[in-house]
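Chains as they are written, first to last, in the numbering used here: chain A, 335 to 712; chain B, 197 to 1272.
Set out below in structure tokens:
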């Protein structure tokens, strides 16, 4: 079956359909990770987006029950160069194509993903539409152009939990371990952590849990007072898709939380919310950071971490008050802001993904930092 | 930040090219030296291998082409007073030297710091027992097993590991002395061999992880513990086949991110545990495909063959960065060369697939077991890039140059094998297993079954099955197929890397590869060129490092400059190796200097030529007409250089000319003429230059007639081959048929050349330059061995020491006449034989020869560099090259043979070249130069002890002379009965030992016991080889120098005498040239 992919600039690409037979409209982004397509496909931060994988072969290891980042695929479509005809892995439970079909996600293979990546790199992210059921290219172009897009859209309400819940470790938990020297923090445990779910990745919860946290996950619109009334040891602000400017209620909550002197830790969107709460603006990057090989430098000692990243927006460093905020990490690729820490409050955040699923584990210790911070505040 | 407390850095190279340690260390070493020099350090380089780019006098500040021994290095350290030594770019040799110089206190005595790796890290990585302990201490998983110094200890260990068990020799490189033991009665022999091969007498036993999936991570670390994985590599062949003999794929294809990150974390832990502070390392893993259990197999705290591959596969120059981090830089302080905007502190992302396939030379070593195992046997490799695995795999096969262009092992002139494959034919890992697997898939064998017996991951098999499907569709396409449908099918096939030549065989309606090419052009199915950019297109690439694909967008962005394309030599093989890569690099350097844009074209990842830094542009592509023409269509160069890359590009010359491509320099017609025996004989007759009686044959009948006419012994050889492939010395008609058959197989449809063999003649090689008007002799080299030994295997001395000025002048004269008559523009090599005062021409090769780098270094005339300028239109006069350069002292080239790595091979030299590498020794005295050449070749001559002499009757009087000299030098004499009788008769004391063939093990026992320090064994004749075989085998196994000709024996005497009189001195090339 032929699949047709149309970009808002009028580019029409034909390939082979796999996954579900349907149409989809989305924002097309590329990801340069060479492993971990399943984690990317289930990452809620990709809500509303179609992901183009730059690596040649996708589907090689099928779908493994332990490797989910949420209960289902979150991406709108997958765009790939070559779909593996064979699943080969000792853990795999089903094939990528069957899994996508089951979840009604269409996908296209046989695309020159390199060419398309260069196009996105040079021209920026585009709106696009895909059909795997024969919808005409003109129709798809209209769909793409008429779609309101993700800018300013509150995708959070699509991915956040409906009500708060206690996180219970799942099958993927066995893959996550705190660093050896943190055993003490784990044992002194019983940390009560409230995690805001703006589209949280499960590996973040597994990491928090591995340090001995009892986690309550709360919906994105939970107020600061509600959270503080639970008397948490620490508050975690999750990642999520889309534009941070679309979440004034969250910024308001974060501002209060910062002033509560309860330790606050943010990842990705959580980091951007803290930035905005501290008075900084956020701006859109040309084509964002999406991959598992992004070097960031820890400015206090110059150490470099290879990190997983997935964001289109970035906190504007110049807006932060240097008396109040220390910039801790910067991107080595484009010098953009990657992390901050408040000087007089137990608040810190990173733009990249220390839970890294998929991606290198270099930044795992940042979870330890959160627990040390809570320990100091006790 | 860069260290300013060190100024002079000593860098040891890896020495001669041997199996397991080859041209990749010229690539790494050259990169490292260039990087250090660019940072302002003074670099002192030591490498015994003259065929390397790194030993070019422009590369380092002081270049020592001297033996890589602790003694030589100590002398050089005393002279040059380096502050630091970087031992991690010279392979195992570099590390072993660092160990030796640390342990004997030399580094401390002269205040030399090790940089890039410290002593404890080297030990922790190299000593298997220590490595294992280190891993276990750090909770890093390893296979079960341990070290044994005796058979008893080994038996204890086997109780834990069970059978099969892997037995290795500790500290031996390239897997020497390693074997699999399947049952208890094989254990003793394996342990004894391992203990004797191990420089520390240690055997290592390990649990079987046979059949497990094998992965390698190439990693870098700097002093701030910044750590990056440059490349993940997955071996198609599972654990059990040495990674150098495995087909490998990058990036890894069958790991989930969870699993991959475990390997990454472990690699980082391994580096920390071993104590690698800075530099590149390689960590190997085994993964149980059924449970995912991971074990660390080994690590190398240095650059390696795999790191060279990883550098080429990703565009991340590991050796250069290893050098920079060794002098204090951190990765974030170094710019990524390819993007020029990002930093070296990152991990390359690949949006293509890289496949490497090794190349073996079993055809040259009858008797050697071609089964692949823990001991590496391949002599070279080809790498290919494609957007997908099928495309890369097909291109890699085409790059191999074994006459095959398809996965079923068929080729343009190679019939498809129709014998059915069985599970048992797939079980044993051999050089052709990949092809067998594909044929088994075609026969319908189930993928799971194949995976089960081969250990190939089923993912790869499924990809091959897809290729098979496309192949079938092409076979079934008939003339009624619609154009559009045909276009789709062809495009799909090209995207899978199918060669035009293969498609021509598959599609019934097309006949020649050119037909397919034209059809493709008509249908607009044209290749695109993609950049190797380290970042999967995330950033713009500023470096034109390109590979072909059939995609939407071409990224080559050709310039409109005047440009020249240089065709490289493809995968290394015996007879065509690093020497030719050296010449191609020189061409790039020279032509760039002249202002041309240079375009390098090659498919060998081990080389300097495929460094994106060597030429202005680099195409990493198979050396086939189809692919070369694609690049020419795109680039439109003013000309192509085919004369520097060995036989490979020459074989393409006719096709290129036919396509209207301009070949620079000597015309392919002249090259052809010199290969065509009839034409060549005519030319020599015209010029009145003698040659040995000869004739050509196309059948056994004709061969018989020719041989009878000119008289035995005769030399038989196929035409259009390099390295004396299937060349043989035939003593009588009884042996003729077998050799003729071999010659026909080596070069089908080509005439066979039969020359009268000139017994006892001396051979002389001349390398010369010509520009059409003038011929300038660059160097004259005399073979030390008598005629009958391939020039690539013979030891060689420059200047000649036994040829009169009169005869040298005749050779010069003949060279000039030939150069002018053939219209040579560029390099030429002439081989002469001198017998009975008559100078005969054996061969003329109007192209780069194997001796060019060696001769260039001896004469300080960079012949390949000059030749490239001539080919681009300069005259020798303009270049100020008009007279033969003078040579001070003696430069001796010695060859290095792979017999030890290939047990079972005959160790006698003959007309077929079998050496893998060469070394050079130089000194003002012949004896000193010879002594150095022998030491550098790995078998230093003894200065005392006992020798064993066993010579044939024909050689007895000269053998006696040798015995007398050695007796005078104080050596104790042993000899076999006939030889002993004669020595005894001359009144010399000698101990008689029984001949091996009489069932006695006396000689072998003596050698094994270390009682003999030197063996002279001359064979009875080319067909009575078995006689001394046992003796030679024992000598090789025990690393005892073995002389097989009397002329080398004479040279050895002269060397031992010279060392006795005066100590060896070591001199840099720069000092030698300037006369200081």
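The beta carbon of each residue, even a glycine, is placed where N, CA and C say it ideally should be.
Remember, it's a predicted structure, so these values are computed and weren't measured experimentally.
Residue environment, residue i, which counts as buried when at least 16 other CB atoms sit within 10 Å
i              : result
residue 335/B  : exposed
residue 658/A  : exposed
residue 564/A  : exposed
residue 574/B  : buried
residue 705/B  : exposed
residue 634/A  : exposed
residue 1205/B : exposed
residue 229/B  : buried
residue 234/B  : exposed
residue 612/B  : exposed
residue 1002/B : exposed
residue 1220/B : Because the pLDDT at residue 1220/B is just 46, under 50, the model does not fix this residue reliably, and the value given afterwards should be weighed accordingly. Flag for residue 1220/B reads exposed.
residue 283/B  : buried
residue 428/A  : exposed
8 Å Cβ cutoff, residue i in contact with chain B
i             : result
residue 361/A : no
residue 343/A : no
residue 394/A : yes
residue 718/A : Shown here, chain A extends from 335 to 712; a query on residue 718/A therefore has no answer.
residue 527/A : no
residue 666/A : yes
Beta bridge counterpart(s) of residue i as assigned by DSSP
i              : result
residue 397/A  : 428/A
residue 931/B  : Its beta-bridge partners do not exist; DSSP assigns none.
residue 1027/B : 961/B and 1039/B
residue 629/A  : 640/A
residue 856/B  : DSSP, once it has assigned bridges, lists no residue as partnering residue 856/B.
residue 416/A  : 391/A
residue 386/A  : 364/A and 413/A
residue 208/B  : 242/B
Short CB-CB distance (under 8 Å) between residue i and chain A
i              : result
residue 817/B  : no
residue 740/B  : no
residue 198/B  : no
residue 1058/B : no
residue 658/B  : yes
residue 1219/B : Its pLDDT being 41, under 50, residue 1219/B is placed unreliably in this model, and the coordinates cannot settle the point.
residue 411/B  : no
residue 654/B  : yes
residue 542/B  : yes
residue 731/B  : yes
- So does the stretch 1149–1164 of chain B actually touch the stretch 1242–1261 of chain B, counting three or more Cβ pairs closer than 8 Å? yes
Check: Between the stretch 766–784 of chain B and the stretch 851–859 of chain B, do at least 3 Cβ pairs fall closer than 8 Å?
Finding: no
Check each residue of the stretch 994–1013 of chain B: if its Cβ is closer than 7 Å to any Cβ of chain A, include it; give the result in chain order. none
On the three-pair Cβ rule with 8 Å, is the stretch 200–220 of chain B touching the stretch 279–288 of chain B?
yes
ask   = Looking at chain A, which residues of the stretch 442–463 of chain B have a Cβ within less than 7 Å of any of its Cβ atoms?
value = 447, 449, 450, 451, 452, 453, 454, 456, 457, 460 and 461
Worksheet item: Three or more C-beta pairs closer than 8 Å, one from the stretch 1078–1088 of chain B and one from the stretch 1112–1129 of chain B: is that the case here?
Response: yes
* To do: Kindly confirm or deny that the stretch 661–669 of chain A and the stretch 466–484 of chain A touch, where touching means at least three C-beta pairs closer than 8 Å.
  => no
Worksheet item: Do three or more CB pairs link the stretch 616–625 of chain B to the stretch 591–602 of chain B at distances below 8 Å?
Response: no
* For the stretch 446–465 of chain A, which residues have a CB atom closer than 7 Å to at least one CB atom of chain B, in sequence order? -> 446, 447, 448, 449, 451, 452 and 455
- Task: Report yes or no: do three or more beta-carbon pairs, one from the stretch 576–591 of chain A and one from the stretch 480–497 of chain A, lie closer than 8 Å?
- Result: yes
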